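Chemist: Using my numbering, the first residue of the sequence shown is number 9, and each one after it goes up by one. Have a look at the structure that comes next, please.
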Amino acid sequence: MSVLAEIMEYNRNFVENKKYEEFRTTKYPDKGIVILTCMDTRLIELLPRAMNLRNGDAKIIKNAGAMVTHPFGSIMRSILVAVYELQAKEVFVVGHHDCGMTSLKPGSVLEKMKQSGISEDRIETLQHAGIELDKWLTGFNSVAESVKQTVYNIKKHPLFPPHSAVHGLVIHPETGKLDLVVKG
Ligand SMILES: [Zn+2]
């Protein structure tokens, strides 16, 4: 059975048996927080458990590396929407050890793109158009430094409310232990 078919079958059962009832809540975060973290599979359940978060407690935004790299990209927009429209008062940036974005090599990603059928021409066209693929596909060396940078990028954003706190943390993907990097 394909993953899609498996999910659809499970879902029919989930809804029929009203398994959603224990998850009922509102769209407003009960703890007044928005979390930006990584899409890493090890954090799906571990992060909420390790931070004592239940359904409804927080807005959670995920991407590769828990980074805000563009001031007017969708991650920053999501944070601003959470703060201004959804009653989040504090932001938590939570990176993690052993992140896939640590030492991500643009050359290796571009090579895999070519192997999957993306032509050299197309990559060159994008580069000539001013898209800095090397920079765009670069991760970070130190997760703590990356978290600090992202906290700074949020805090200094021209549209971010000046009195809202932005904290920076690093979580261990096996034990769930949190280390505080920036106390906002
Ligand atoms: Zn990661």
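Glycine is no exception: its CB is placed at the ideal position from the N, C-alpha and C atoms. Quick caveat, the model's predicted, so the values are computed rather than measured.
1) Taking a cut-off of 6 Å, which residues have a beta-carbon closer than that to any heavy atom of ligand 1, in chain order?
2) So who's on the other strand from Ile43, going by DSSP bridges?
3) Can you check DSSP and say which residues form a bridge with Val190?
4) So what's Thr183 in DSSP terms, helix, strand or just coil?
5) Can you give me the C-alpha to C-alpha distance between Lys122 and Thr33, rounded to a whole angstrom?
6) Note down, in chain order, each residue of its chain lying with its Cβ closer than 8 Å to the Cβ of Asp48, except the 5 sequence neighbours on either side.
7) Does DSSP put Phe31 in a helix, in a strand, or in coil?
8) Going by other Cβ atoms of all chains shown within 10 Å of its Cβ, with 16 needed for buried, is Thr133 buried or exposed?
9) Please state the DSSP three-state secondary structure of Thr110.
10) What do you get for Pro37, buried or exposed, if any count of 16 or more other CB atoms within 10 angstroms of its CB means buried?
11) Which value, in whole angstroms, describes the spacing of the CA atoms of Ile68 and Asp129?
12) Could you check whether the stretch 157-169 touches the stretch 77-93, counting it as contact only if at least three pairs of C-beta atoms, one from each stretch, sit closer than 8 Å?
13) How long is the line joining the alpha carbons of Glu30 and Arg62, rounded to whole angstroms?
Modeler: Inspection of the coordinates gives the following:
1) Cys46, Asp48, Gly73, His104, Cys107, Gly108, Met109
2) To locate residue 43, count along the sequence shown from 1; it is residue 35. Ile43 is bridged to Ile68, Phe100.
3) For the purposes of this step, residue 190 is taken as the residue at position 182 of the sequence shown. In DSSP, Val190 forms a bridge with Gly176.
4) Indexing the sequence shown from 1 puts residue 183 at position 175. Correct three-state label for Thr183: coil.
5) For the purposes of this step, residue 122 is identified with residue 114 of the sequence shown, where counting begins at 1. For the purposes of this step, residue 33 is identified with residue 25 of the sequence shown, where counting begins at 1. Each residue's alpha carbon lies about 45 Å from the other.
6) As a working note, residue 48 is residue 40 in the sequence shown. Contacts found: His104, Cys107, Gly108, Pro181.
7) Taking the first residue of the sequence shown as position 1, residue 31 is located at position 23. Note: Phe31 maps to helix in three-state DSSP.
8) Against the sequence shown, residue 133 aligns to sequence position 125. When all chains shown are included, Thr133 counts as exposed.
9) Position 102 of the sequence shown, counted from the start, is the residue given in the question as residue 110. Thr110 falls in the strand class under three-state DSSP.
10) Looking up residue 37 in the sequence shown gives position 29. With 16 or more Cβ atoms within 10 Å of its Cβ, Pro37 is classed as buried.
11) Locating residue 68 in the sequence shown gives position 60, counting from the first residue. Locating residue 129 in the sequence shown gives position 121, counting from the first residue. Straight-line Cα distance between these residues: approximately 38 Å.
12) yes
13) Residue 30 sits at position 22 when you count from the first residue of the sequence shown. Residue 62 sits at position 54 when you count from the first residue of the sequence shown. Cα-Cα distance, rounded: 10 Å.
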